[in-house]
Amino acid sequence: MAHSLNEFRLAFERGIASFNNLQREKFSSLDEKQRQLVESTEKRLEDIRVTVDEKLQKTLNDRIGQSFRLVTEQLESVQKGLGEMQTLAQDVGGLKRVLSNVKTRGNIGEIQLSMLLEQILAPEQYDANVRTRIQSDEVVEFAVKLPGRDDQREFVYLPIDAKFPKDVYEHLLDAYDTGDIQAIEAAGKILETTIKKMAKDISEKYLSPPDTTDFGIMFLPFEGIYAEVVRRCTLLEDL
């Protein structure tokens with residue numbers, strides 16, 4: 003029994019020693035794999051960091067470049083606009099001198115009216131510089147051809163005349179700027195009187211039924227003047 007126990011002890015010790023050696027080898031191998039895994043992970047993280055840094059840097063550079071280009075373009079646009087404003091400011095005096103000429107003012111309204119008619123009507127649907135009244139030398143700027151009322155007349159003329167009461171309208175605007183109610187009312191009455199005189203002028207010079215319609219059109223080339231006339235209901239009815 004002592005001999006058997008001794009052999010068992012020796013065998014057990016050899017088994018323990020072998021088990022310990024095997025465990026050391028496995029742990030050593032595991033440590034190596036863990037070290038390799040850590041190194042591989044660190045390398046991949048470093049590669050990822052480098053890639054991310056490069057992309058971020060490239061994106062940042064692109065964005066900054068785009069921002070600088072945008073700012074530059076806007077500054078150039080502002081500079082160009084300032085240049086145009088300076089040019090416009092220099093031309094204001096010339097424009098005022100042009101508009102102060104009554105003949106030129108009439109031409110401005112006539113040109114705008116001509117452009118509108120060209121866009122709306124065919125060339126054969128209207129005439130320019132028409133003598134609408136028999137035995138009269140008065141010539142209306144434009145006359146639209148409307149269907150005649152009977153078989154004897156192929157068409158009748160609808161006279162259209164451009165008017166531009168610049169000086170009177172400017173006085174009204176100056177009164178609005180001052181805020182003086184009495185001045186506004188006075189300038190408004192002068193504008194109404196001027197518009198009525200222009201309407202009467204169109205009626206007396208160019209209307210001649212049945213060769214023309216029994217009404218004419220006064221063309222006001224600027225929306226501000228038109229708005230002033232339209233908002234005055236009594237004036238509109240009189241016209």
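In our numbering, the protein residues as written are 3 to 241.
We treat Cβ as the ideally placed atom computed from N, Cα and C, and that holds for glycine.
Selected residue, minimal CA-CA separation from residue i, among the options
i      : options                           : result
PHE221 : ILE122, ASP240, ILE162 and SER31  : ILE162
ALA124 : VAL132, ALA145 and PHE10          : ALA145
GLU126 : GLU156, GLU140 and ILE136         : GLU156
VAL158 : THR134, THR180, ASP176 and GLY181 : THR134
Separation of residue j from residue i, as counted between CA atoms
i      : j      : result
PHE224 : LEU58  : 56 Å
LEU241 : GLU78  : 51 Å
VAL80  : GLU172 : 31 Å
GLN25  : GLY17  : 12 Å
SER138 : SER210 : 11 Å
ASN22  : VAL40  : 26 Å
ARG233 : LYS198 : 15 Å
ILE50  : LYS60  : 15 Å
VAL170 : THR195 : 10 Å
LYS45  : ASP64  : 28 Å
LYS202 : TYR208 : 10 Å
Limits of the unbroken beta strand (DSSP E) element including residue i
i      : result
LEU148 : 142-149
ALA164 : 157-164
ALA130 : 128-132
CB contact check: residue i to chain D, cutoff 8 Å
i     : result
LEU84 : Any reference to chain D falls outside this structure, which holds one protein chain only.
Burial state of residue i, where buried means 16 or more other Cβ atoms lie within 10 Å
i      : result
ILE1   : Coverage of the chain is limited to positions 3 through 241, which leaves residue 1 absent and any answer about it impossible.
PRO167 : buried
LYS35  : exposed
LYS165 : buried
GLU112 : buried
GLY218 : buried
TYR128 : buried
ALA13  : exposed
Residue range of the unbroken alpha helix (DSSP H) whose run includes residue i
i      : result
ILE219 : Looking at the DSSP string, ILE219 is not in any alpha helix (DSSP H); the run it does join, the beta strand (DSSP E), is 219-221.
ASP240 : 235-240
ASP179 : 168-180
ILE227 : 225-232
THR196 : 183-208
* Quick check: the region 187-204 against the region 111-120, are there 3 or more CB pairs under 8 Å? -> Contact between the region 187-204 and the region 111-120 is absent, because fewer than three Cβ pairs lie under 8 Å.
* Asked: Taking three-plus beta-carbon pairs below 8 Å as touching, is the region 207-218 in contact with the region 226-233?
  -> no
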